[in-house]
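A quick write-up on the structure given underneath.
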Amino acid sequence: MSALFCIHGHFYQPAREHPWLDAVEVEDSAAPFHDWNARITAESYAPNAAARILDARGRIERIVNNYTTISFNFGPTLLRWLDQAAPDVAAAIQHADRQSLDARGFGNALAQPYNHVIMPLASRRDKMTQVRWGLADFRHRFGRPPEGLWLPETAVDRQTLAVLAECGIGLTILSPHQAARMRAMPSGEWVDVAPDMLDVTRPYLCKPAPGLQIAVFFYERTLAREVAFGELLKNGGAMADRLAGAAAEAAWSDGRLVHVATDGETYGHHHQFGEMALAYAIHVLEGREGSAFTNYAAFLADYPPSHEVEIRDLTSWSCAHGVERWRADCGCRTRSDWHQRWRAPLRAALDWLKEQVDDVFERAGADVFHDPWAARDAYIDVLLGRTSEALQHFLLVQALRPGALDDRRRALRLLEMQRHAMLMFSSDGWFFDELSRIETVQILRHAARVIQLAGAFSLRLSTPFLERLRPAESNLPTYADGVAVYDRLVKPAIVDARRVAAHYAITALFRDYPDETTVYAYRVTRRQGQRVARGARVLLVGRVDVAEAATADTATLSYAVLHVGGTDVHACVRDDWDDTRHQTAAAQLIETFETAGVTEVIRQMDVVCGRDFYTLRDLFTDERRQVMAALSEETTRSIESAYRRLFEDSRGLMAAVRDADVPLPREFLAAAEFVLTIDIRRALISPEPLNASAWHALAEARAWGITLASEILEPLLRARIERVLREADGVFMVEQLADVQRTLDNAGDAGITVNLWQAQNVFHVRLAPRLRDSSGEVREALEKMAERLNFSLDALRTHVTTPS
1 MSALFCIHGH
11 FYQPAREHPW
21 LDAVEVEDSA
31 APFHDWNARI
41 TAESYAPNAA
51 ARILDARGRI
61 ERIVNNYTTI
71 SFNFGPTLLR
81 WLDQAAPDVA
91 AAIQHADRQS
101 LDARGFGNAL
111 AQPYNHVIMP
121 LASRRDKMTQ
131 VRWGLADFRH
141 RFGRPPEGLW
151 LPETAVDRQT
161 LAVLAECGIG
171 LTILSPHQAA
181 RMRAMPSGEW
191 VDVAPDMLDV
201 TRPYLCKPAP
211 GLQIAVFFYE
221 RTLAREVAFG
231 ELLKNGGAMA
241 DRLAGAAAEA
251 AWSDGRLVHV
261 ATDGETYGHH
271 HQFGEMALAY
281 AIHVLEGREG
291 SAFTNYAAFL
301 ADYPPSHEVE
311 IRDLTSWSCA
321 HGVERWRADC
331 GCRTRSDWHQ
341 RWRAPLRAAL
351 DWLKEQVDDV
361 FERAGADVFH
371 DPWAARDAYI
381 DVLLGRTSEA
391 LQHFLLVQAL
401 RPGALDDRRR
411 ALRLLEMQRH
421 AMLMFSSDGW
431 FFDELSRIET
441 VQILRHAARV
451 IQLAGAFSLR
461 LSTPFLERLR
471 PAESNLPTYA
481 DGVAVYDRLV
491 KPAIVDARRV
501 AAHYAITALF
511 RDYPDETTVY
521 AYRVTRRQGQ
531 RVARGARVLL
541 VGRVDVAEAA
551 TADTATLSYA
561 VLHVGGTDVH
571 ACVRDDWDDT
581 RHQTAAAQLI
591 ETFETAGVTE
601 VIRQMDVVCG
611 RDFYTLRDLF
621 TDERRQVMAA
631 LSEETTRSIE
641 SAYRRLFEDS
651 RGLMAAVRDA
661 DVPLPREFLA
671 AAEFVLTIDI
681 RRALISPEPL
691 NASAWHALAE
701 ARAWGITLAS
711 EILEPLLRAR
721 IERVLREADG
731 VFMVEQLADV
741 QRTLDNAGDA
751 GITVNLWQAQ
761 NVFHVRLAPR
771 LRDSSGEVRE
781 ALEKMAERLN
791 FSLDALRTHV
801 TTPS
């Protein structure tokens, strides 16, 4: 008889991609990372794929993949991003599922509805699409059908469970307070249950509708709270003891399971090093006789339900008031001094918008699809395939006239309108306390995309939508209401073909584009282009085709952009010219540029193109910053020249001042820090081996008492160390490992602590296995490197295998 344990992690991020660009733009609140997906990946998703187990001396004994042991679900919107931005992490997650499938007969991974909508607040049609899309995404990522599905926020009603059962889902997980009553099967008496009365160590059978059934696991709520909000993750041994204690309290017998469910981000993001506590707790429990880990599907196969349950409709795990957190000022909040009166009007405005576009989808869709709603369900195959073949197959099955180009465009507009209409209900938009937070702004941007797409079907929804959004009150005086939030944070993000052409034209000042190029989710094809320069001034005049990937909409546009110098850029775009009109206007602008001053060129641009113009502020965010950085390089070079001259000219005198024990002038120290930091950065970026000058610069900074900017140099040092470890091989291995040692020595002397997490992973996978068959200098170098990277040599000699 074994004590069986299951720890479930719900890993999820909303779709952070810009609704028009299909890419995550920089999010300053996530600094020093590019965006929150990247930050949480570094703090949780990646560490859980390579979690450290330490020995008594704090050295790495093992590196393990937690996903091979725990039950987990990853939201489709997060997995899509991981596949593109962190493929090694995505691969580790998928590999863990395959390993658990081999070991237990059932994989650890569960599915999730597509974009984390609160299912009880969705229509039955949307529930069905959310589940079908989630299942298709799961099969695409994991190569198998899922046994179970995690409900966003565990929000549930009977209709939701019926949809799950209809779609072939065998199990889900809820909080014990979501159980209403239970009975022993087949014909025991129904008994009302409170959370503390429910035996959460057994699965229950739920029959949400005639002929349908699904197994429900109710997680151990007290234990889950201690993990998520208490102190358990400060000590993996304590967590193991607490889990074992819960098993003992359960008066253990076969057919019982101690299990907890929390946000997966608990392990590492919410609690730093939480993934290590989890790994150690698993290690301890697996080492105890009579203890084992399993997953829900494997447990259910061995121990089917003996009791039946009915659930409480309209409940969730994170709202004490049911599901009111996502439609009312119910009191659930993260900040006590702010109201959430904006939640109800936000929900009402989006519900209204959804009704409008559902109606047009059904009516207009009937002209292009055999069944519009069946086509929407099947559209996930196009989204996952993202190939012309996938689209062609979809149209062949779903379209009334598969070969009609106009029908194809109408079909894609309708389907994209529906996709964004579902994305605008992602739960994060309501979860927090302020209307202007990035999560709420994101769902409003999806709403703006819906409104734009609906315009192609003669729907003018912007004004009535904003009137419904106006009662949404912000907590910040900067944003009076929902309209102010929309005007300031949503409208500037709206993209059309004109803006894409303007972005292309302005960035073409600073880079050479091929005749065909990709600008985010758009394909830009150059038809004509001329570049004229007079001194520092540059004029570009051109004509391009802009094709949107998602809808196949294509526009031909003309542009002119004038760069006077520095940040002074003036661009204009026309979308109503034919080739002849473009050529005439281009000739006029070029003649004016070559014969007149700047003011007259701009006046002529206004005459031929209209008064609407674009500047650097209209570039998409990441490129705007890149362009501004490039434009500031000349100024930086001038500053460097002045500082370097000051530093070199004053070095001897300043050495004498220092030796006389007189404080050095701040001006000199500022120049020295600036110059030495630049020298070290250049050496670290260079692919060449680090030479003595780089270490001399570090030593000189130390001699002047300068603390170099760790936030600038540490990422460069880290990247160099990781690169050398990846490349270390053959006859040069000893020299390459010595280079890493010197880099670490000099970083330490400069007071810079290098994050060695990824370097340890690289060493563990690539180089540690060579300890088996190496000898002499190579073995000595490997052992020194292992110790420097904080590995236990004894453990390495025992476990010289890749992470499980």
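Anchor point for the sequence shown: position 241 equals 241 in this note's numbering, and the numbering is continuous, going up by one each time. Every residue, glycine too, gets a C-beta built ideally from N, C-alpha and C.
Per-residue DSSP class, three states only, for residue i
i      : result
GLN528 : strand
MET424 : coil
ARG183 : strand
ARG797 : helix
ARG348 : The sequence shown places Ala at residue 348, rather than the Arg named in the question. Helix.
GLY170 : coil
GLU667 : helix
CYS6   : strand
ASN790 : coil
HIS283 : helix
ARG16  : coil
THR802 : Here the model assigns THR802 a pLDDT of 46, short of 50, so the residue's position is not dependable, and the following value carries that caveat. Residue state, collapsed to three classes: coil.
PRO145 : coil
ASN73  : strand
PHE11  : strand
ILE53  : strand
Nearest to residue i (by Cα), restricted to the options the options
i      : options                           : result
THR68  : ALA103, GLN84 and GLU61           : ALA103
ASP83  : ALA38, GLY403, TRP704 and ILE60   : ALA38
ARG788 : ASP773, ALA738, ARG766 and ILE752 : ALA738
ALA536 : SER558, TYR559 and THR567         : THR567
MET417 : ALA298, ARG401 and LEU459         : LEU459
ALA86  : LYS127, ILE40 and ALA96           : ILE40
THR517 : VAL495, VAL532, PHE510 and ASP545 : ASP545
ALA136 : ILE311, ASP381 and VAL193         : ASP381
GLY403 : LYS234, VAL258, VAL368 and MET424 : VAL368
SER774 : VAL734, MET628, ALA15 and HIS307  : VAL734
LEU151 : ALA328, VAL357 and PHE74          : PHE74
TRP373 : THR525, ARG124, PHE465 and ALA660 : ARG124
ASP359 : HIS259, LEU461, ALA320 and LYS234 : LEU461
ASP659 : MET628, ASP351, LEU110 and TRP704 : TRP704
Contact set for residue i: own chain, Cβ-Cβ below 6 Å, skip 5 residues either direction
i      : result
ALA279 : ALA51, ILE53, VAL64 and ASN66
HIS270 : none
GLY322 : LEU314 and THR315
TYR45  : VAL89
ASN755 : ARG718
ALA240 : ALA281, VAL284 and LEU285
GLU308 : ARG183, MET185 and LEU205
GLU777 : VAL734
Residues of its chain near residue i, where Cβ-Cβ distance is below 7 Å and the 5 sequence neighbours each way are ignored
i      : result
ALA348 : ARG468
ARG139 : PRO145
HIS34  : VAL26
GLU147 : PHE106, GLY170, LEU171 and ALA297
ILE60  : ARG52, LEU54, GLN760, ASN790, PHE791 and SER792
LEU391 : VAL382
Presumed contact (8 Å Cβ cut-off) between residue i and residue j, rounded CB distance
i      : j      : result
VAL541 : ILE506 : About 13 Å separates the two Cβ atoms, so there is no contact after all.
LEU767 : GLU783 : Not quite, the Cβ-Cβ distance comes to about 11 Å (not below 8 Å), so this is no contact.
ILE602 : LEU539 : Not a contact, Cβ separation roughly 11 Å.
ASP618 : ALA502 : 6 Å
TYR296 : PHE218 : In fact, because the Cβ distance is near 12 Å, the residues do not count as touching under 8 Å.
TYR204 : PRO305 : 5 Å
THR615 : VAL569 : 6 Å
THR743 : ILE721 : 6 Å
ARG256 : THR201 : 4 Å
Close beta carbons around residue i, own chain, < 8 Å, minus the five adjacent residues each side
i      : result
TYR413 : Reading off the sequence shown, one finds Arg at residue 413, where the question assumed Tyr. Answer for ARG413: LEU453, ALA456, PHE457, THR551 and ASP553, listed in chain order.
GLN741 : LYS784, MET785 and ARG788
ARG242 : LEU223, GLU226 and LEU232
Cutoff 7 Å: residue i Cβ touching any chain C Cβ
i      : result
ALA246 : No chain C is part of this structure, which consists of one protein chain only.
Do the segment 3 to 18 and the segment 287 to 300 meet, that is, are 3 or more Cβ pairs less than 8 Å apart? yes
Under 8 Å, with one C-beta from each stretch per pair, do the segment 418 to 438 and the segment 327 to 347 reach the 3-pair mark? yes
Counting Cβ pairs closer than 8 Å, one from the segment 122 to 133 and one from the segment 150 to 170, do we hit at least three? yes
Is the number of C-beta pairs between the segment 208 to 217 and the segment 151 to 166 that are closer than 8 Å three or more? The segment 208 to 217 is in contact with the segment 151 to 166.
Determine contact between the segment 694 to 711 and the segment 672 to 686, defined as no fewer than three beta-carbon pairs at a distance below 8 Å. With contact defined as three or more Cβ pairs closer than 8 Å, the segment 694 to 711 and the segment 672 to 686 are in contact.
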